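Enquirer: Next up is a structure, given as structure tokens.
Numbering (this note's numbering), first residue to last: 872 to 1047.
Here is the structure:
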């Protein structure tokens, strides 16, 4: 007898992602992502990917193309953010599915690198998905001027052979 794995969940491109949909996934909280104490202002994402089960939105990942300066290079990255999985469904590969689908789309957007910011406990999850930790400070814009990102910064290549350039890193916008 062969063990049959269930098929991977179907990830769909969402036409919109509102606060109502976020609440549908992770509930109504003042700090749904556990980053409010960082005191940061975030940009909304432009492209959204989700997983529905029995009509309910249960996972999400968003993308946004952003300007960045790395050393002497001014370029762009695709920021990944707003990753959410319903608490009652965590540990079932939904984050892997929704983030992988978002990264596959990011590969079509032009930039060579994907970038995300996460709380330290989530670093191993993203490492299992192929993301690499950036071991240097990253400056991000905020309404009061640039600050050092207090969360962990991770990147992934979006092109074969893409390496992270050397030099100071400055996201030339609010973070995603």
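Every residue, glycine too, gets a C-beta built ideally from N, C-alpha and C.
Model, not experiment: these values are computed from the prediction.
Considering only C-alpha positions, which residue in the set 977, 945, 973 is nearest to residue 1029?
Expert: With distances taken between Cα atoms, residue 1029 lies closest to 977.
Enquirer: In or out: residue 957 buried (at least 16 other Cβ within 10 Å) or exposed?
Expert: Buried, by the Cβ-count rule.
Enquirer: When DSSP labels each residue in this structure, what does residue 969 get in the three-state scheme?
Expert: helix
Enquirer: Which residues bound the beta strand (DSSP E) around residue 951?
Expert: 944–956
Enquirer: Round the Cβ separation of residue 983 and residue 1033 to the nearest angstrom and send it over; I've been treating them as touching at under 8 Å.
Expert: 4 Å
Enquirer: Just checking my contact of residue 878 with residue 1044 at CB under 8 Å: how many whole Å lie between their CB atoms?
Expert: Wrong, their Cβ atoms sit about 38 Å apart, outside the cutoff.
Enquirer: The alpha helix (DSSP H) with residue 995 in it runs from where to where?
Expert: 994–999
Enquirer: Between residue 968 and residue 922, is the Cβ-Cβ spacing less than 8 Å?
Expert: yes
Enquirer: Can you find at least 3 beta carbon pairs, one from the segment 925–932 and one from the segment 881–893, that sit closer than 8 Å?
Expert: yes
Enquirer: Could you tell me how far apart the beta carbons of residue 966 and residue 920 are, in whole angstroms, since I believe they sit closer than 8 Å?
Expert: Between residue 966 and residue 920, the beta carbon gap of about 11 Å keeps them out of contact (Cβ cut-off 8 Å).
Enquirer: How about residue 935 and residue 1047: do their beta carbons lie closer than 8 Å?
Expert: yes
Enquirer: Within 10 angstroms of its Cβ, does residue 907 collect 16 or more other Cβ (buried), or is it exposed?
Expert: exposed
Enquirer: State the DSSP-derived secondary structure class of residue 1045, mapped to helix, strand or coil.
Expert: Secondary structure of residue 1045 (DSSP, three-state): coil.
Enquirer: Compute the Euclidean distance between the alpha carbons of residue 1039 and residue 914, then round it to the nearest angstrom.
Expert: 22 Å
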